Amino acid sequence: MTDAVERDPQQPSSSIWDRLQATRMEDFQRVTRLSCGRKAFLTGLATGTGVGMIHFLVHRKIPRACNWAIGTFCAISVGVWEVCRYQEARKSRQMMDIVVKMNQLEAKRAKALASEISAVEREEIEGKE
């Protein structure tokens, strides 16, 4: 999502802090335009909010409820994202299988049609003689 930066192969990879500093606001705005991003974000947000509220009502500790809300948001968002991406990949494979089968069927029909036409032409030629 961020621009690629050239780095020296001798140096170790960038740290998490460097990656966070390189992250721009546009990166987060693009997430909702991804096919599974909106669903994952909203599901995680709703679930995290619900868990946080319930935890607060039961234990009356705001920091602990916030921790539960954020943890639940992260876990559910990642889970929904992964499930959605898996389902999309499976649909894509199924569509590719269907396209291959349709192409094979089209080739069989074309071959059958060509053999029928050649058989009819042979009969016509034999009939003229």
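At position 82 of the sequence shown the residue is numbered 87 (my numbering), and the sequence of numbers has no breaks. Ideal Cβ placement from N, Cα and C applies to all residues, glycine included. Just so we're clear, the structure is a prediction, and the values are computed from it rather than from any experiment.
Item                                                                     : Value
C-beta atoms of residue 89 and residue 51 nearer than 8 Å                : no
Where residue 106 falls: helix, strand or coil (DSSP)                    : helix
Whether residue 37 touches residue 29 by CB criterion (8 Å)              : no
Proximity test, Cβ basis, 8 Å: residue 126 and chain B                   : Reference to chain B is not applicable here, since this structure consists of a single protein chain.
Beta-carbon proximity of residue 20 to residue 93, cut-off 8 Å           : no
Proximity of residue 74 and residue 48 at Cβ, strictly below 8 Å         : no
Option nearest residue 77 by Cα separation, candidates 25, 57 and 109    : 57
Span separating the alpha-carbon of residue 109 from that of residue 124 : 22 Å
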